[in-house]
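I have placed the structure first, in the form of structure tokens, so that the comments after it can refer back to it.
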Amino acid sequence: MTKSLVVNPADVRAASVIRTPDIPVNAYEMDFAAEKRRHGADGLTNMLHDMIVIRTFESMLNSIKTTGGWQGIEYNHKGPAHLSMGQEASAVGQAAELTADDFVFGSHRSHGEILAKSLSAARTMDADRLSGIMAGFLDGDTLRHAEKVDHTDAADLAENFILFGTLAEIFARRDGFNRGMGGSMHAFFTPFGSMPNNAIVGGSAPIAQGSALFKRINDKPGIVIANIGDASMGCGPVWEAMMFSAMDQFRQLWRESDGGNPPILFNFFNNFYGMGGQTDGETMGYDLLARVGAGVNPEAMHAERVDGYNPLAVADAIRRKKEILESGRGPVLLDTITYRFSGHSPSDASSYRTKDEVALWEEVDSITTFADLLVSKRVVKKGDVDDMFASVADKLGHVLKLAIDDDACPRVDAQFIESVMLSNGNEPTMDADREPELLTPLEENPRVQAIAKKVRTATDENGKPVSKVKMYQFRDGLFEAMAHGFATDPTMAAWGEENRDWGGAFAVYRGLTELLPYRRLFNSPISEAAIVGAGVGYALSGGRAVVELMYCDFLGRAGDEVFNQMAKWQSMSAGILTMPLVLRVSVGNKYGAQHSQDWSALAAHMPGLKVYFPATPTDAKGMLNLALRGTDPVVFLESQLLYDKGEEFEADGVPEGYYETPEGEPIVRREGSDVTIATLGATLYRAMEAAQELEEKHGVSAEVIDLRFVAPLNLEPVVASVRKTGRLVLASDAVERGSVLQMIANQVQTVAFDALDAPVTIVGARNHVTPAPELEDLFFPQPSWIIDAIHERMLPLKGYTPTSNQTEGEILRRSRLGV
Amino acid sequence: MAQIIVMPALGNTVESCLMSVWSVSVGDTVDEDTNLCEIETDKSTMDVPAGVSGTVLALLVEEGDDVPVKSPIAVVGGADENAEAVLAEHGLAPQATGEGGEVDEGGEDDLTPSADESGSGSATSGSSDSSSSNSTAARSAASGRDSNRPGGSETRTDAHGAPAEASDEELAAGVPEVTGEGGEVDEDGEDPLAPSVDADATQGSGSTQGSSGSAAGAPSGAASPRARHRAEAEGVRLENVGEGTGPHGRIIERDVEAALAAGPRPTAGTKGEDLSGVAQGTAIGGRVGQADLAASTAPTQPAAPQPAKQQPAAPQSAAQAAPAAGEYTETPLKGVRKIIAERMINALATSAQLSYDASADAAGLLALRKKFKASPPKLGYNGITLGDLVCFATVQVLRNHANLNAHLVDGALRTFTPVHLGLAVDTPRGLLVPTIRNADALSVRTLSDTTKELAGQAREGKIDPALLSGATFTVSNLGSFGIESFTPIVNVPQTGILGVNTITHHAVLSDDGTVGVQQRISFSLTADHQVVDGADAGRFLADLVRAIEHIDLTVLG
């Protein structure tokens, strides 16, 4: 979608064949002398040591889960433990070539990666930096315990710290790496580049891709690895993330100085099983996983199959791929084969594989093999290996005792859990040290100049409607907030479908193309999961992202990213991460059943999300300003019925300059005394019509409240209104069943029961598909429906004949039939 | 102008009365006091005075008919007037004159709507009668307590209260309009049933609903929480609101507002008393005393047919209907206050209370008190008060009046052998009534000691809750406040309560014809007429007077 690229039929219609590059399979050939020069004897010994640490750590957990104790220490661990015994070499080999600047995102089976990455990264740091990180982390809560285990120096203490922090987290202890809020499947430690591990298969792919995007857009050092399993190759979001990261525009349209494609390595730890499903031969068809790279871009993602049972082979691959990524030629795909001796989880009876198969891999156990190698090459003595096992076991024994001490190492309380759900920050910029990059000063932007000439109210001083072209519209409010954000926060970037040259599908971004370089505003593939997932990774890496779903109906395409990722990471990190991510979601109409749905209820149902739904130009700007300076994930709903609305409620029009709408506060749009009509979204305007008719024809004075927010939502103004009027109608364009309004009705009814003169009533869209635009008045709430509902359920109006069926019987009928 | 006489409303729970015997026939000339007929409720039998003068033009019901209250029973007018025309004018199907006939629902329903016009018409055209009407009302009001007496002939049976929009002059004058003429034309009394949204528009339908509601209507009884709350705060009883105008006949706020705007319904007796006019009693312990009732002129004694007394409710309630902002402080009833309020309303709603006054020569009482007071402290008599002596005498007398030392529960009378005497005590928390159990077994000295003990505990809030119930008869002594008479409210399920008043000086004519002064103590007995007839009450009071006048002997036990 850019004029600079020509789709020439002469080219695209010409005959040719596709040739893919060769994809190496286990091409590594060991040159031990070279490896020893590269890693040093200490480096090689450390690799062995770290593999032993992981093996011992996982064996301990396995023993605890299956026997209720380890080495005479009894403990019952209720939570999960997905173990990776057998896979140690792949994690350690990978970490050996990484620094703390390199980020590793993982899966539910990532204990080994956390330990390997942290131990490796810690060795790259001097004692002062290490001590500073440990002392400053969680106010020293983790370090306090680590210091109780014998140690010789800062590096040794760091090992205690890493072991305790990880184990205490697995045991859901307050002083674990994430205060016990992440647990086994989500533990991580960002100072060492160990990033969030994800319990959704493939979940890390789009997030890691977003993190890589953050590094690319903000010129941050390091690469990002998504450690995902072979089975995740079947997940749409993984493919979406690969497609997103491979976009031509990074090298063709972005400036060369922007650095090329995001430095993302999709590393598939290929242990040949997805739980019990055998990917090679049963549930996939790729023969060799690395083949998939050929389907993504001409470089075949620089894909290789690597022997994950040889840490040196893995380290070799990582080193080479890191160079590619740092030069902007990614993405990279690695098919790192490995094998787990343990089951998928302690409950796994391994019914899907034979003992003989496991035995075959045990014969080539990477630890034994690598230890033998180092002994044979005289890097270590045989006795050293035994000593390593013994000392690691001894240290872990101490760590275990500390981590299970209920008195000294308690769990968090309910208040804490609540406190980390949202960060409620006020951070206009996520990087105060940099200047935001704009192509032209804001005041020279043609859209900014055009808006300056517009009338900021819907009617002129004589009360006549202002022509649409002269009127400041809802979309202008959104634009002003976006422009302000881009001019304030250097990290702020926006992407989605048709965001750039088109100006956004609804012309909200028109003018931003001229204002911003590609890297701050670009078109994404039509990959909703990757669009949102990238935003999650971008935000938790330290930037502010604004991503867009063109229609609310596409929310399902990004379901995991919105519901499990965007919503959860602040809590699961115990507030260590913030999520300054705004998801603009346009709510449609006129385009039938798959383009006309208000799914605010889905967002509202997910703890951890803020949900805004402005209905006026003033709020479009004030609420987007609010969202863009916060540090929480916001689902920002915009009705397409409103984009061209002018300001009808604020006499002075949409304020110029910067302002914020107070968070969570509904606003009274019309005062009244007999009935309160509270609306969410565009239904406000139909409620105003209903209120007018109630007043003029029936002498009923209606108060109209624009809720504006779904979460958080201060219900007190609504309750106060209901105490006054005694009656509440709630209306929105969402289908009535399961609507947000049902929840609000319940809450208001609970709080204001004694003040009610009639049951709270809800007028929503019908519980069926959205029909053709010509029939939409059969689907969306109409002013008459509101009046009819008042008449039937609350306050019979004299001489009134309803035109729609809002009776109690109809409520029951629809429920009975599910319509 | 012919008038339609309706079946009077005889108490808050009475919905219909049995027409026992007609005392007049068509063509008879009657005056206001002429008994038209005798009627029966399940509790009593009474005469219905005509309330107007004229010729009986028609009898609309037959003996033995069960007639809903407020339904037309007769037409009285000029000898030359046509009953059928009168009835037609009121929208009633003409009845066979002289034969009477059952008033069916339809006829009744038809009555009220047309009464909208004819009612106001008759009120206007009937102004020539207003002087006599007013004088009747004045007499009623003035007679006050007297009218409580059974058979009080002044009571009017056909009055249905002043319209809600009684003119300011009438309100100011405190002279409520008596609608003896066309008294049944109480459309305004019905209006509270109508939605207030459009007062004009709802009159018609409202009266329709009203008539069905008052006669045989079956309101759903459901009321919105807000309506309940509002009704409670305003002292409106939901039963009086009638059928609501919300969905399914739910009473919603506007129905309560409409009821408020219209004031207490003059026909409250049909559904229950509306005490909005006396929401805050001023009597001891916040009890609703007679003074309050007189002030508000709200109905209090539904046991006796006293519509005339109920009638002037409008002025007070009209004044209350629109209090100016800032004029009042609102304090929700809580705790003991709320319980008292509920008990009092319940007592009035579920019993047929009637008060009787009598007085006794207090000379003996005063002499004995003097003697006790002067007695050596060691004997333990000098703390015995006049009240103790009265209580002692009361207990002794109660032994011979089983139906006053009793409980009326679920239609059964329980008479007690022992006397458990309830004592109304004014405490900081409000009225409490501790019980002196087995008071009949106590000597006057012990009774006195126990009284002091329990009253003290009640005032200090330390009383054993078990002692706050179980009394079989109650004594309430307001003598120390100078109260000369009141109508204490029976503490149901008890059947009687004795009010003890102050001692006053009375002029007496001696046997020798000279005028002297006598100190007399008076008693106000309220008894539940369901089980205690007037004569029973009279006998009790006579015995009590005798016991008081011979207290020196009474104390001997």
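Just so you know, the sequences run in chain order A and B. Residues 7 to 825 (my numbering) make up the first sequence, in order. Residues 16 to 572 (my numbering) make up the second sequence, in order. Heads up, the beta-carbon is just placed ideally off N, CA and C, and yes, glycines get one too.
His797 (chain A) counts as buried, since at least 16 other C-beta atoms from the protein chains shown sit within 10 angstroms of its C-beta. In the DSSP assignment, the residues bridged to Ala375 (chain B) are B:Ile536. For Val490 (chain B), the uninterrupted beta strand (DSSP E) run begins and ends at Phe488 to Asn492, by DSSP. The DSSP-derived three-state label of His114 (chain A) is coil.
Only residues of its own chain outside the window of five on either side were considered, and among them Arg714, Phe715, Asn720 and Pro723 have a CB closer than 8 Å to the CB of Glu671 (chain A), listed in chain order. Under the three-state reduction of DSSP, Arg561 (chain B) is assigned to helix. For Trp575 (chain A), there is no enclosing beta strand (DSSP E); the enclosing alpha helix (DSSP H) has its first and last residue at Trp575 to Met578. For the 8 Å CB-CB criterion, Phe485 (chain A) and Arg453 (chain A) form a contact. Using a Cβ distance threshold of 8 Å, Cys415 (chain A) and Asp181 (chain A) count as a contacting pair. For Ala276 (chain B), the nearest beta carbon of chain A is not closer than 8 Å to its own beta carbon. Nearest Cα to Thr465 (chain A) within the set A:Leu632, A:Glu654, A:Leu527 and A:Pro317: A:Glu654.
Neighbours of Gly445 (chain B) in chain A, taken as residues at a C-beta separation under 9 Å, are lacking, since the least C-beta distance is about 25 Å.
Listed along chain A is no residue with a C-beta nearer than 7 Å to that of Gly257 (chain B); the closest approach is about 15 Å. Any Cβ of chain A closer than 8 Å to the Cβ of Ile354 (chain B) would place that residue at the interface, and such an atom is absent.
Scanning chain A for C-beta atoms nearer than 8 Å to the C-beta of Gly261 (chain B) yields Asp763, Ala764, Met800, Leu801 and Pro802, reported in chain order. Neighbours of His244 (chain B) in chain A, taken as residues whose beta carbon is under 8 Å from its own, are Asp760 and Ala761 in chain order. A direct Cα-to-Cα measurement between Ala40 (chain A) and Tyr292 (chain A) gives close to 34 Å. Taking CB atoms only, Gly678 (chain A) has no neighbour in chain B less than 8 Å away. For Glu345 (chain B), the nearest beta carbon of chain A is not closer than 8 Å to its own beta carbon. For Leu340 (chain A), there is no enclosing alpha helix (DSSP H); the residue is part of the beta strand (DSSP E) that begins and ends at Val338 to Ile343. Distance from the CA atom of Thr73 (chain A) to the CA atom of Ser530 (chain A), rounded to whole angstroms, is 50 Å.
In the assembly as shown, Phe496 (chain B) is an exposed residue. Its beta-carbon has fewer than 16 other beta-carbons within 10 Å. Between the alpha carbons of Tyr557 (chain A) and Gly598 (chain A) lies a gap of roughly 12 Å.
The beta carbons of Ser738 (chain A) and Asp604 (chain A) sit about 7 Å from each other, so the pair counts as a contact at 8 Å. By the criterion of at least three beta-carbon pairs nearer than 8 Å, the segment 159-177 of chain A is in contact with the segment 109-128 of chain A. About 18 Å separates the beta carbons of Ala580 (chain A) and Leu615 (chain A), which is beyond the 8 Å limit, so they are not a contact pair. Within the segment 718-746 of chain A, the residues whose Cβ lies closer than 7 Å to some Cβ of chain B are Gly732, listed in chain order. Secondary structure of Asp95 (chain B) (DSSP, three-state): coil.
With fewer than 16 other Cβ atoms inside 10 Å of its own Cβ, His263 (chain B) counts as exposed. Distance from Leu634 (chain A) to Leu583 (chain A) at the Cβ level is roughly 18 Å; contact not present, criterion being Cβ atoms closer than 8 Å.
For Phe480 (chain A), there is no enclosing beta strand (DSSP E); the enclosing alpha helix (DSSP H) covers residues Phe480 to Thr494. Around the Cβ of Gly42 (chain B), a 10 Å sphere holds fewer than 16 other Cβ atoms; the residue is exposed. In the structure shown, the three-state DSSP call for Gln368 (chain B) is strand. The Cβ of Glu272 (chain B) sits no closer than 8 Å to any Cβ of chain A. Taking a C-beta distance under 8 Å as the contact criterion, Gly687 (chain A) and Ser645 (chain A) qualify as a contact pair.
Gly531 (chain B) carries a strand assignment under DSSP once its states are collapsed to helix, strand and coil.
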